[in-house]
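Chains as they are written, first to last, in UniProt numbering: chain A, 1 to 479; chain B, 1 to 479.
For glycine and all other residues, C-beta sits at the position ideal for the given N, C-alpha and C.
The structure appears below as structure tokens.
There are 2 protein chains.
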Amino acid sequence: MALDQKIIEEFERIVGKDNVSTSPAVLYTYGFDASIYHNDPEVVIQPTSTEQVSEIMKIAYANGIPVVPRGAGTGLCGAAVPIEGGICLAMQKMNRILEISVKDLWVDVEAGVVYNDLNAELAKHGFFFPPSPGSAEACQVGGMVATNASGMRAVKYGATRDYVLGLTFVRANGDIVRCGTRTIKDASGYQLARLMCGSEGTLGVITEITFKLTTKPKKSASALIAFNSVVDAGKCISAIIAKPLIPASCELMDSTSIEAVNKARGNPLPDANALIIVEVDGETDEIIQRDLKIVEEVAKEQNATTVTPSLDPKVIAKWNDARKSVLASLSALKPGYSCVSLADDMGVPISKVPEAVERFQAITRKYNVIVAVYGHASDGNLHTKMLLKVGDKDEWDRGIAAVDEIFKASVELGGTVTGEHGVGISKALNFQEERKTELDCILAIKQAMDPKNILNPGKAAQWRGSPLRNLRYPCKEYM
Amino acid sequence: MALDQKIIEEFERIVGKDNVSTSPAVLYTYGFDASIYHNDPEVVIQPTSTEQVSEIMKIAYANGIPVVPRGAGTGLCGAAVPIEGGICLAMQKMNRILEISVKDLWVDVEAGVVYNDLNAELAKHGFFFPPSPGSAEACQVGGMVATNASGMRAVKYGATRDYVLGLTFVRANGDIVRCGTRTIKDASGYQLARLMCGSEGTLGVITEITFKLTTKPKKSASALIAFNSVVDAGKCISAIIAKPLIPASCELMDSTSIEAVNKARGNPLPDANALIIVEVDGETDEIIQRDLKIVEEVAKEQNATTVTPSLDPKVIAKWNDARKSVLASLSALKPGYSCVSLADDMGVPISKVPEAVERFQAITRKYNVIVAVYGHASDGNLHTKMLLKVGDKDEWDRGIAAVDEIFKASVELGGTVTGEHGVGISKALNFQEERKTELDCILAIKQAMDPKNILNPGKAAQWRGSPLRNLRYPCKEYM
């Protein structure tokens with residue numbers, strides 16, 4: 001059943017006229033995220049409470065209308081693109097930090113709270129929520145849970161899944177479910193709150209979350225280390241971890257990434273074939289000095305060409321800003337080319353980073369496509385971004401062929417097609433291949449939780465056919 | 001269909017005659033765990049590989065035979081008791097540490113590996129698997145995953161669920177599923193490996209697990225602190241955490257626990273109405289000295305009667321041994337009484353520990369039962385053990401009435417009926433009440449994963465009727 005005016009009026013009654021839109025400009029805007037895809041929803045609704053979400057879901061359920069929950073739209077794989085139309089449930093107005101219980105080590109938030117806003121509030125109490133995604137300034141915690149997002153600090157501090165004590169979600173039929181606890185421990189039945197992590201809107205609409213708090217170390221320092229090759233850089237990271245020394249973060253950039261940043265941002269980085277920025281943290285100066293020294297020694301043993309340790313927050317901020325600007329800088333690297341999210345987020349065992357990068361480079365040469373490699377190398381999470389002439393079908397065809405091989409290489413190395421961005425559309429086929437023994441269980445659970453298949457339908461385990469359709473770029477064959 | 005000789009012979013063909021037993025003595029032994037329940041299985045099978053488990057499950061599935069996986073049988077709630085007979089799948093022969101990949105931060109183990117054995121091996125490389133359950137010397141990691149077990153270190157290091165990167169399980173129909181990854185990050189689809197944590201054998205048979213490794217801090221120290229009341233002790237713990245200072249562990253004992261230990265073990269503890277043992281850890285002496293000083297200051301502000309900090313491993317070991325002996329000591333406290341696991345494992349928000357203990361004490365006075373309170377107070381996890389004349393129906397009736405109120409009080413305080421032991425039988429009814437909004441989802445997932453209901457059937461969400469039946473104690477009305 002299509003979305004007729006009577007249903008729209010029901011939505012307006014629930015959330016108010018201001019929070020329902022069918023304006024073409026609005027539908028267009030909510031038709032894409034940061035991925036390569038686009039498809040308009042039929043209506044955009046901005047609920048302000050769990051109860052409103054429940055009322056909306058009851059109508060959607062009764063009428064078989066697809067519903068796609070959406071955070072800030074910073075996702076890179078199309079999970080928030082309403083590929084079958086229907087309702088876009090935009091969560092940004094549910095943005096309250098409900099309660100911080102310092103003495104109980106938890107915080108209750110609504111799904112639309114922005115990650116950096118939450119951390120600004122937690123910092124007042126000496127705590128933080130560590131995952132640190134690249135989109136920290138914009139992304140919402142509900143989207144982080146839905147994609148099990150992480151970022152720079154996962155090797156030491158874990159991903160979003162490790163901080164979810166409990167959450168509230170609305171089922172397909174409108175039932176409100178509170179799962180998990182506000183206690184540190186929980187052995188009461190199935191870990192539904194953890195199951196919702198990474199479910200990408202396919203099992204329910206997450207409306208509120210209880211995160212566990214953790215203390216922020218008082219001191220940190222970094223070292224910028226240059227190498228003659230990405231392979232050397234990767235070997236150095238494994239050697240640091242095997243000490244064992246688990247860094248707070250360790251960011252990698254290849255020559256294409258470095259070149260792009262230096263060109264776009266006025267040379268903030270030294271010229272090198274590969275760079276890593278290793279961050280160490282701890283409670284005292286003594287610890288970070290000790291750990292910086294270990295990092296320096298290992299780097300020299302592992303053929304670093306230069307090692308620059310720093311305790312200066314300004315210097316470290318310059319390095320980190322440069323690293324964070326890779327994605328934006330890449331699009332300016334080559335006139336006529338755009339930077340697109342294809343094969344953007346492979347995770348491999350840490351020690352396989354060098355081999356993975358070598359294989360990715362061989363594959364991109366084979367298909368004659370330009371790929372930059374960067375990412376969170378201390379947890380084996382490699383981002384590759386491709387530069388394509390986005391109007392050219394042949395470029396997309398070569399690109400997607402390269403991507404398929406990159407994914408297969410990652411899985412062969414014991415890795416996964418997505419470490420932190422999620423499956424969505426762009427990784428769906430390779431995800432299905434990677435997780436073939438899990439697929440029956442995934443589909444059975446999806447069917448059990450969403451029998452009418454209205455929650456973000458057609459994505460991930462349900463995707464069929466080529467990932468090259470509904471592109472938001474002007475390539476007429478694939479739009 | 002019952003277990004006839006032909007089926008037994010099929011099992012013998014799969015695992016060898018030595019690994020199949022229908023001897024009454026063996027069946028009796030495997031008919032109970034450390035809970036209050038007993039029911040014989042019809043056969044005990046000890047598989048030695050995932051493939052064998054798969055073959056066994058295919059036969060069980062075809063014939064509708066109940067299957068209960070079992071680790072070391074240290075569980076306290078009856079999760080491993082084969083309440084509907086059938087097959088006991090005893091995992092102790094799958095006890096190999098398959099691979100430790102230090103540079104990739106993971107270890108692959110079979111489900112039957114003993115917790116302490118794993119940590120002994122990890123310690124050689126500077127790593128550890130932190131959860132530290134009370135049954136560390138015996139319990140198996142498969143059981144720990146199946147119950148999402150934890151112990152003393154959860155407030156700082158999390159529970160078992162936080163260390164499971166991936167695992168292999170066998171479905172009801174015999175299909176072998178490998179879920180999760182061997183990478184630090186994983187955003188690929190549903191977190192099935194986390195869903196299996198706490199599933200207590202109802203969704204599949206866990207055969208192999210990949211745990212994340214973490215480094216063990218180089219230094220630790222403890223303080224033994226005495227109070228005039230458990231309420232004062234509880235307030236002190238909250239005040240330490242609110243500093244913020246997250247201790248490595250913080251164990252609480254009430255006067256009954258202290259008395260029991262001192263009587264059974266020759267007075268290792270000072271006489272007090274309540275004691276806490278606070279452990280701090282870190283990388284340097286400076287840090288642990290700093291943190292010990294904070295603990296000492298807070299304790300004095302919070303009306304501690306004595307504070308004894310110590311860096312001496314022998315002194316600390318004496319305190320910890322005394323704490324660990326509470327359960328064993330309680331049974332010797334009062335002639336004619338046994339210590340039984342009733343309401344043994346409530347989790348409350350940390351700041352609610354004082355109120356919880358006060359309410360538990362009021363309830364036990366009301367029902368005239370003897371209860372000792374101890375546990376992992378820094379994560380709000382309280383163990384209460386009851387002393388009962390186990391042959392006396394009236395004692396059980398008063399006990400179970402008190403337990404019901406203790407559970408309800410815990411949930412009213414924002415807590416859960418089980419923090420680390422699991423639901424099994426003894427907490428099933430109160431769990432169903434606590435998780436009433438989750439229950440439909442739990443049953444739908446159970447149905448999706450185990451359509452013939454052969455995996456540990458009748459437990460937790462499926463339990464109906466009184467928890468007082470199939471007792472392993474000589475109380476004829478409830479045996």
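is_contact[residue i, chain B] using C-beta, thresh 9 Å
i, result
"A:Q191", "yes"
"A:T74", "no"
"A:A239", "yes"
"A:C339", "no"
Buried or exposed by the 16-neighbour rule on C-beta atoms within 10 Å, applied to residue i
i, result
"B:Y28", "exposed"
"A:M479", "exposed"
"A:L167", "buried"
"B:G282", "buried"
"B:R469", "exposed"
"B:N148", "buried"
"B:D394", "exposed"
"B:D104", "buried"
"B:R182", "buried"
"B:A25", "exposed"
"A:T306", "exposed"
"B:Q5", "exposed"
"B:R96", "exposed"
Chain A contact for residue i (CB, 9 Å cutoff)
i, result
"B:D33", "no"
"B:V15", "no"
"B:P457", "no"
"B:C197", "yes"
"B:A304", "no"
"B:T50", "no"
"B:G347", "yes"
"B:Q462", "no"
"B:M57", "no"
"B:R161", "yes"
"B:P467", "no"
"B:S351", "yes"
"B:I276", "no"
"B:Q447", "yes"
Inter-residue spacing [alpha-carbon to alpha-carbon] between residue i and residue j
i, j, result
"A:S338", "A:W463", "26 Å"
"A:G73", "A:A223", "33 Å"
"B:K348", "B:G419", "The residue you asked about is not Lys; residue 348 of chain B is Val in the sequence shown. Each residue's Cα considered, the two are about 8 Å apart."
"A:V353", "A:T215", "30 Å"
"B:M91", "A:D312", "54 Å"
"residue 480 of chain A", "A:P82", "Chain A is shown only over 1 to 479; residue 480 of chain A falls outside these bounds and no answer can be derived."
"A:D33", "A:N39", "10 Å"
"A:I363", "B:M346", "55 Å"
"A:A272", "A:D162", "36 Å"
"B:P244", "B:V230", "22 Å"
Own chain partners of residue i with C-beta closer than 7 Å, once the 5 adjacent residues on each side are dropped
i, result
"B:S220", "A248, E279, V280, D281, I288"
"A:P323", "It is Arg, not Pro, that sits at residue 323 of chain A in the sequence shown. Once the five neighbours on either side are set aside, the close Cβ partners of A:R323 are E251, M253, I277."
"B:L292", "A221, A223, V280, P309"
"A:K17", "none"
"B:M152", "S132, S249, E251, H376"
"A:E405", "I363"
Same chain, Cβ closer than 6 Å to residue i, five either side skipped, listed in chain order
i, result
"A:P457", "P66, E84"
"A:L471", "I36, Y478, M479"
"A:Y157", "P130"
Close beta carbons around residue i, own chain, < 8 Å, minus the five adjacent residues each side
i, result
"A:D344", "L76, C77, H383, T384, K385, H421, S426"
"residue 514 of chain A", "There is simply no residue 514 of chain A to check, as chain A begins at 1 and stops at 479 in what is shown."
"B:M1", "Caution is warranted here: a pLDDT of 48 is assigned to B:M1, below 50, making its placement in the model unreliable, and no coordinate value can be reported."
"A:P451", "A172"
"A:G415", "M346, G347, V348, P349, K352, A356, G380"
Requested in this report: Kindly provide the ranges of any beta strand (DSSP E) runs that are 3 or more residues long and lie completely inside the region 196-283 of chain A, ordered along the chain.
Outcome: 205-212, 219-227, 249-254, 274-282
Requested in this report: Could you name each continuous beta strand (DSSP E) segment of 3 residues or more that falls completely within the region 109-182 of chain A, going from the start of the chain to the end?
Outcome: 164-170, 176-180
Query raised in the report: Which runs of the alpha helix (DSSP H) fall wholly inside the region 298-360 of chain B and span at least 4 residues, in chain order?
Result: Listed in chain order, they are 313-324, 326-330.
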